[in-house]
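*Asks:*
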Amino acid sequence: MNLNGLFFPGVRCAKSGLLWEKHIMSVGNRRPVFLNLLQIRFPVTAILSILHRVAGVLLVLILPFCLYLFDLSLSSADGYVQAISIVNQMPVKLLSIVFIWSLAHHLFAGIRFLFLDLDIGISKQTAQVSAIVSAVAAIAVTLVFAWSLR
Amino acid sequence: MTRRFQGLNAWILQRASAVYLAIFFVYLVFYFTLSPPANFGEWRSWVADPINSIFIIIFMALLIGHIWVGLRDVFMDYVSSLSLRALLLFTLAIGLLGIGIWFARIIILVMIK
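Residue numbers (the numbering used here), protein chains in the order written: chain R, 11 to 160; chain A, 12 to 124.
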């Protein structure tokens with residue numbers, strides 16, 4: 011089934027002058043469609059950039075919980091002990107690993123973006139190396155943190 | 012600022028706040044690794060120390076600005092429906108206002124005690 015007419019109503023092919031759906035029916039749709047995600051190759055810089063956004067959104071989602079712990083820990087001596095026992099629970103420890111990765115990745119990738127804004131390290135090769143370095147550094151920090159939680 | 016440079020304020024705020032937030036995080040890492048608070052009293056007096064209080068308040072104000080610009084950019088890039096985007100921005104604004112008031116309450120209680 012050809013749905014091009016639905017998506018591009020009234021659009022004419024620049025070469026044949028036919029309505030797009032007629033053009034498609036006459037020549038066949040030869041536009042490449044890469045729905046196979048394994049065939050789409052994002053550059054490492056693009057992956058770092060999108061992870062910077064993902065990490066930022068995760069940090070915002072975790073922020074209310076951090077503020078809750080901040081509030082509890084400062085409310086009273088009992089609250090302080092309670093906050094520490096919450097942080098020591100297993101699900102919260104796992105969440106804190108996600109939090110630390112988000113923080114480290116957002117920080118390192120963010121510092122890299124600041125340098126790029128200053129036109130430092132903008133050659134393709136340097137930008138690729140710095141992207142890998144900041145992503146790997148964030149993973150290293152996360153591993154050290156996770157190790158320290160044992 | 013003229014209308015020609017409407018996005019520039021947000022752009023500058025995002026970078027300037029990023030620098031402060033980054034430096035503050037390094038400060039926090041040093042505090043929690045080199046001299047972590049041993050008990051409630053130490054923790055509370057560290058936060059109540061005027062120098063720390065002031066830097067924490069500036070941190071929170073800039074963090075809220077940083078989140079506003081950052082999530083606004085994310086919504087503008089990925090949410091094409093105008094009504095949904097308006098709803099998300101409204102929810103974000105209310106949420107950040109709530110975060111700000113909640114934080115103000117915490118820090119005021121610490122400072123006046």
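No residue lacks a Cβ here, since even glycine has one placed at the ideal position from N, Cα and C.
As the structure is a computational prediction, the values presented were derived from the model and not from experiment.
Assuming A:TRP54 and A:PRO48 are in contact, meaning their beta carbons sit under 8 Å apart, how far apart are those beta carbons, in whole angstroms?
*Replies:* Indeed they touch by this definition, with Cβ atoms about 4 Å apart.
*Asks:* Measure the beta-carbon distance from A:ARG96 to A:VAL90 and round it to whole angstroms, keeping in mind my assumption that it falls under 8 Å.
*Replies:* The Cβ separation is near 4 Å, so the contact holds.
*Asks:* Would you kindly work out how many angstroms separate the C-alpha atoms of R:ARG63 and A:MET87, rounded to a whole number?
*Replies:* One C-alpha to the other measures close to 13 Å.
*Asks:* Which runs of the alpha helix (DSSP H) at least 4 residues long sit entirely within the stretch 42 to 104 of chain A? Give them in chain order.
*Replies:* Fully enclosed alpha helix (DSSP H) runs of 4 or longer: 51 to 59, 61 to 89.
*Asks:* Which residue comes first and which comes last in the alpha helix (DSSP H) that contains R:PHE52?
*Replies:* Here R:PHE52 belongs to no alpha helix (DSSP H), and DSSP marks it neither H nor E.
*Asks:* For R:LEU69, which residues of its own chain have a beta-carbon under 7 Å away from its beta-carbon, when the five flanking residues on both sides are left out?
*Replies:* Excluding sequence neighbours, R:LEU69 sits near SER112, LEU113, HIS116.
*Asks:* To the nearest angstrom, how far is the alpha carbon of R:GLY66 from that of R:GLU31?
*Replies:* In a straight line, the C-alpha of R:GLY66 is about 43 Å away from that of R:GLU31.
*Asks:* Going by the C-beta, is A:ILE118 closer than 7 Å to any heavy atom of the ligand GDP?
*Replies:* This structure lacks the ligand GDP, and indeed carries no ligand of any kind.
*Asks:* Inspect the beta-carbon positions of A:ALA33 and R:GLY120 and report whether they are closer than 8 Å.
*Replies:* The answer is yes: Cβ separation under 8 Å.
*Asks:* Flag R:PHE109 as yes if its beta-carbon sits less than 8 Å from any beta-carbon of chain A, otherwise no.
*Replies:* No, because no Cβ of chain A sits closer than 8 Å to the Cβ of R:PHE109.
*Asks:* So is R:PHE118 buried or exposed if we call it buried at 16+ other beta carbons inside 10 Å?
*Replies:* R:PHE118 comes out buried.
*Asks:* What is the rounded straight-line gap between the Cα of A:ASN20 and the Cα of R:MET100?
*Replies:* Their backbone Cα atoms lie some 42 Å apart in a straight line.
*Asks:* In this structure, does DSSP put A:ARG26 in helix, strand or coil?
*Replies:* Three-state result, A:ARG26: helix.
*Asks:* Under 8 Å by Cβ, that's how I've got R:VAL97 and R:LEU79 pegged, so tell me the actual separation to the nearest angstrom.
*Replies:* Yes, they are in contact, since the Cβ atoms of R:VAL97 and R:LEU79 sit about 7 Å apart, within 8 Å.
*Asks:* What is the DSSP secondary structure of R:LEU113, reduced to helix, strand or coil?
*Replies:* Three-state result, R:LEU113: helix.
*Asks:* Determine the closest residue to R:SER106 out of R:LEU159, R:ILE34, R:ASP129, R:PHE125, with distance taken between C-alpha atoms.
*Replies:* Comparing Cα-Cα distances from R:SER106 to each of R:LEU159, R:ILE34, R:ASP129, R:PHE125, the minimum goes to R:LEU159.
*Asks:* Listing by chain order, which chain R residues have their CB less than 9 Å from the CB of A:ARG26?
*Replies:* Per Cβ cutoff of 9 Å: PHE123, LEU124, ASP127.
*Asks:* With burial defined as no fewer than 16 other Cβ atoms inside 10 Å of the residue's Cβ, what is the status of A:PHE70: buried or exposed?
*Replies:* Its Cβ being crowded by 16 or more others within 10 Å, A:PHE70 is buried.
*Asks:* Give me, in chain order, the residues of the same chain whose beta-carbon lies closer than 7 Å to that of R:GLN92; leave out the 5 immediate sequence neighbours on both sides.
*Replies:* Excluding positions up to five away in sequence, the list reads LEU82.
*Asks:* Give the DSSP-derived three-state secondary structure of R:ARG160 in the structure shown.
*Replies:* In the structure shown, R:ARG160 sits in coil (DSSP, three-state: anything other than H, G, I, E or B).
*Asks:* Please go through the same chain and pick out, in chain order, the residues whose beta-carbon is closer than 8 Å to the beta-carbon of A:TRP79, but skip the five residues on each side of it.
*Replies:* Counting only Cβ-Cβ distances below 8 Å, and skipping sequence neighbours, we find LEU103, ALA104, LEU107.
*Asks:* Please state whether the Cβ-Cβ distance between A:GLN25 and A:GLY81 is less than 8 Å.
*Replies:* In this structure, A:GLY81 lies closer than 8 Å to A:GLN25 by Cβ.
*Asks:* Please state the DSSP three-state secondary structure of R:LEU28.
*Replies:* Coil, per DSSP.
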